[in-house]
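Following: one structure in structure tokens, then a few remarks.
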Amino acid sequence: MAQIIGLPKLSPTMEEGVLVRWVKKEGDRVSPGDLVAEVETDKANMDFNLEDEGVLLKLLVGEGETVKLGAPVAILGDAGEDVAALVAEARQQMSA
600 MAQIIGLPKL SPTMEEGVLV RWVKKEGDRV SPGDLVAEVE TDKANMDFNL EDEGVLLKLL
660 VGEGETVKLG APVAILGDAG EDVAALVAEA RQQMSA
């Protein structure tokens, strides 16, 4: 089942981060521990690793965008899943 992935806390004082670079792209399969992106925090550039397994179905944030802690950045699920409802939910969360 597809799920929204939020930006995790990558440093003790982090409140937001800049998504520097996606290492994985839409359609890539990921396993627990895989590096998916690099994020610039208040301290340094940090690795963003996923703890779940699946396929990156949708990237919601572009490189260079500033993202609040916990805000949706991607949708992870099984190949071929319809994620339209989750994309709409994520967009709503991002605009709140």
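Residue numbers (my numbering): 600 to 695.
Idealized CB from N, CA, C, for every residue including glycine.
CA nearest to the CA of residue i, picked from the options
| i | options | result |
| --- | --- | --- |
| S694 | D681, V672 and V682 | V672 |
| S610 | A643, R690 and Q692 | A643 |
| E664 | V619, E680 and D633 | V619 |
Close Cβ partners of residue i (< 7 Å) along its chain, the five nearest in sequence each way excluded
| i | result |
| --- | --- |
| V686 | K657 and I674 |
| K608 | L668 |
| E784 | Here the chain comprises residues numbered 600 to 695, so residue 784 is not present and cannot be evaluated. |
First through last residue of the alpha helix (DSSP H) which encompasses residue i
| i | result |
| --- | --- |
| L606 | Segment: none, L606 is in no alpha helix (DSSP H) and carries neither H nor E. |
| V666 | V666 -> not in any alpha helix (DSSP H); beta strand (DSSP E) instead, spanning T665 to K667. |
Close Cβ partners of residue i (< 6 Å) along its chain, the five nearest in sequence each way excluded
| i | result |
| --- | --- |
| S630 | E652 |
Extent of the continuous beta strand (DSSP E) run through residue i
| i | result |
| --- | --- |
| V660 | Where V660 is concerned, there is no enclosing beta strand (DSSP E), given that its DSSP letter is neither H nor E. |
| V672 | P671 to G676 |
Taking only runs that begin and end inside the stretch 602-658, name each unbroken beta strand (DSSP E) of 3 or more residues, in chain order.
602-605, 615-621, 634-639, 644-648 and 653-658
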